[in-house]
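> If you read the sequence shown in this note's numbering, its first letter stands for residue -2, the second for the next number, and so on.
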Amino acid sequence: MSEPTDAGVFFVGNATTLIRYGGFTLLTDPNFLHRGQRAYLGYGLSSRRRTDPAIDVGELPALDAVVLSHMHGDHWDRVARRGLDRDVPIVTTRQAARRLGPQGFGRAVGLDTWDHHELRNGEHTLRITALPGRHAPGPARALLPPVMGSMLEFGHRDRPGEVDLRVHISGDTLMVPELAEIPRRYPDIDLAVVHLGGTRILGLLMVTMDGRQGADWVDLIDPRAAMPVHYDDYEAFTSPLDDFKRHIERAGLADRVRYVARGETLPLPVRREPEGAGGRDAAGIRGERREATRERGRPT
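#1: Give me the residue from L24, G260, P129 and N118 with the minimum Cα distance to A62.
#2: Write down every uninterrupted run of the beta strand (DSSP E) in the segment 76 to 140 whose length is 3 residues or greater and which is fully enclosed by it, in chain order.
#3: Taking the beta strand (DSSP E) that L265 falls in, what are its first and last residues?
#4: Can you give me the Cβ contacts of R209 inside the same chain, cut-off strictly under 8 Å, excluding the 5 residues immediately before and after it?
#5: How big is the Cα-Cα spacing for H72 and T89?
#6: Using three-state DSSP, classify I198 as helix, strand or coil.
#7: Tell me the DSSP bridge mates of V63?
#8: Q100 to H67, Cα distance in whole Å?
#9: Using CA coordinates, which residue listed in V215, Y256 and L38 is at the minimum distance from L250?
#10: When the Cβ atoms of the segment 142 to 160 are set against those of the segment 77 to 87, are three or more pairs found closer than 8 Å?
#11: If you check the beta carbons only, do F29 and A93 fall under 7 Å apart?
#12: Are three or more beta carbon pairs between the segment 199 to 208 and the segment 174 to 189 nearer than 8 Å?
#13: Going by other Cβ atoms of all chains shown within 10 Å of its Cβ, with 16 needed for buried, is D109 buried or exposed?
#14: Return the chain-ordered list of same chain residues with a C-beta closer than 6 Å to the C-beta of R163, the five sequence neighbours on each side being excluded.
#15: Quick test of your reading: R253 and P220, contact by CB under 8 Å. State the CB separation rounded to the nearest angstrom.
#16: By the DSSP assignment, the alpha helix (DSSP H) with A212 in it spans what residues?
#17: Does the separation of the CB atoms of T14 and F21 fall below 7 Å?
#18: Please report the residue range of the alpha helix (DSSP H) in which H244 lies.
#19: Give the straight-line distance between the Cα atoms of L217 and E120, rounded to the nearest whole angstrom.
#20: Quick check on the DSSP output: the alpha helix (DSSP H) that includes E178 runs from which residue to which?
#21: Using CA coordinates, which residue listed in L171, L176, H69 and T48 is at the minimum distance from M203?
#22: When we look at the beta-carbon of A223 and count the other beta-carbons within 10 Å, is it buried (16 or more) or exposed?
#23: In terms of alpha-carbon separation, which member of H165, A258, G39 and R91 lies closest to F70?
#24: What is the rounded straight-line gap between the Cα of N11 and the Cα of G211?
#25: Does DSSP put E232 in a helix, in a strand, or in coil?
#26: Do D230 and T48 have their CB atoms nearer than 7 Å?
#27: If we count the other Cβ atoms within 10 Å of its Cβ and call it buried at 16 or more, is R233 buried or exposed?
#28: Determine the DSSP secondary structure at P142, reduced to helix, strand or coil.
#29: In the DSSP assignment, what residue or residues form a beta bridge with P225?
#30: Does the Cβ of Y228 have 16 or more other Cβ atoms within 10 Å, making it buried, or fewer, making it exposed?
#31: To the nearest angstrom, report how far apart D213 and T235 are at their CA atoms.
#32: Report whether the distance from the Cβ of V173 to the nearest heavy atom of the ligand FMN is below 6 Å.
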């Protein structure tokens, strides 16, 4: 098992990752329950964990922030609540921020969709923007907590307006029309972390993307690279990673996806040129990538 390293995404398990880049260390969706323990999802529902996290909460490095997509027991659990530093900022939905305050996390920041929060660490900057997400279809949406995707944009104070690295985290969303605005606003994404699993409540209602929706999401978002998470850690997950792999291969997107085991680190890409350099803007780069994808998928 590799140790968390700089300039990488260390996969802890479920949707929990450690992201280190540009002087920042971020934790996403902290879930440190162990195999056999139950995550509580509200309304008397729970799901048993099948796996162990790669590290325990007490082994975490010092954090600059936590990015929390929503308030659910497999993303914010009792172990994280007890073990995390209460002074760490938590960037999340407004609903989750209201709940975190009484738990002692007074620096929680609640965002509406398209709002952002900025962090500085010496000369380095990070903008975290809340993106659309929908955790359930139709009226069932009212039964689940609001969810957000996140865009992480790493930069430098001496280069305002330039982005050194752009990472998108899907959050627990389904493939819904609101997501189409993301690639229109962000046509140049370096890495996309996609939450999968085909989670079903009571075995019936699907509330996270399965393999087919996950492949459609990668095609829509069109990142340089994609990393799947949140696919086998709980009994409520019904769509295994192989389902995603099959649909990704059919879509001609296999070269985009990086499969990372729990306890391993995905090195983060570093942009060779600022956006717009070399006579190509972000939209042009995106179009070239999509045309290459179409060519790969055409029969010979």
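Beta carbons: idealized from backbone N, C-alpha and C, even for Gly.
A quick look at the data gives this:
#1: Taking A62 as reference, the option from L24, G260, P129 and N118 with the minimal CA-CA separation is L24.
#2: Taking only runs of at least 3 residues, the beta strand (DSSP E) segments lying wholly in the segment 76 to 140 are 87 to 90, 105 to 108, 113 to 118 and 121 to 128.
#3: Run containing L265: none; DSSP gives neither H nor E here.
#4: Correct list, in chain order: D240 and H244.
#5: Across the structure, H72 and T89 are spaced so that their CA atoms are roughly 11 Å apart.
#6: When DSSP states are grouped into helix, strand and coil, I198 belongs to the strand group.
#7: V63 pairs with L24 and I87.
#8: When the Cα atoms are used, Q100 and H67 turn out to be separated by approximately 15 Å.
#9: Residue V215 is the option with its Cα nearest to L250.
#10: Cβ pair count under 8 Å is below three, so no.
#11: Taking 7 Å as the Cβ cut-off, F29 and A93 do not qualify as a contacting pair.
#12: Flag = no, the segment 199 to 208 and the segment 174 to 189 do not touch.
#13: So D109 counts as exposed.
#14: Answer for R163: E150, I186 and D187, listed in chain order.
#15: The C-beta distance from R253 to P220 rounds to 7 Å, short enough to fall under 8 Å.
#16: Boundaries of the alpha helix (DSSP H) around A212: G208 to I218.
#17: It is not a contact, given that the beta carbons lie outside the stated cut-off.
#18: Element bounds for H244: L238 to R247.
#19: Distance between the alpha carbons of L217 and E120 is about 33 Å.
#20: E178 to R182 is the extent of the alpha helix (DSSP H) around E178.
#21: Out of L171, L176, H69 and T48, the CA that lies nearest to the CA of M203 is found in L171.
#22: Counting the other Cβ atoms within 10 Å of the Cβ of A223 gives 16 or more, which makes it buried.
#23: The amino acid at residue 70 is misidentified as Phe; the sequence shows Gly. That would be G39, whose Cα lies nearest to the Cα of G70.
#24: In a straight line, the C-alpha of N11 is about 15 Å away from that of G211.
#25: Assigned with DSSP and collapsed to three states, E232 falls in coil, not helix or strand.
#26: Yes.
#27: Note that residue 233 corresponds to Ala in the displayed sequence, not to Arg. With 16 or more other Cβ atoms within 10 Å, it is buried.
#28: In the three-state reduction of the DSSP assignment, P142 falls in the coil class.
#29: According to DSSP, P225 bridges with V191.
#30: Sixteen is the threshold: when 16 or more other Cβ atoms of the shown chains lie within 10 Å of the Cβ of Y228, as they do, the residue is buried.
#31: Taking the straight line joining both Cα atoms gives about 18 Å.
#32: The ligand FMN is absent from the structure shown, which contains no ligand whatsoever.
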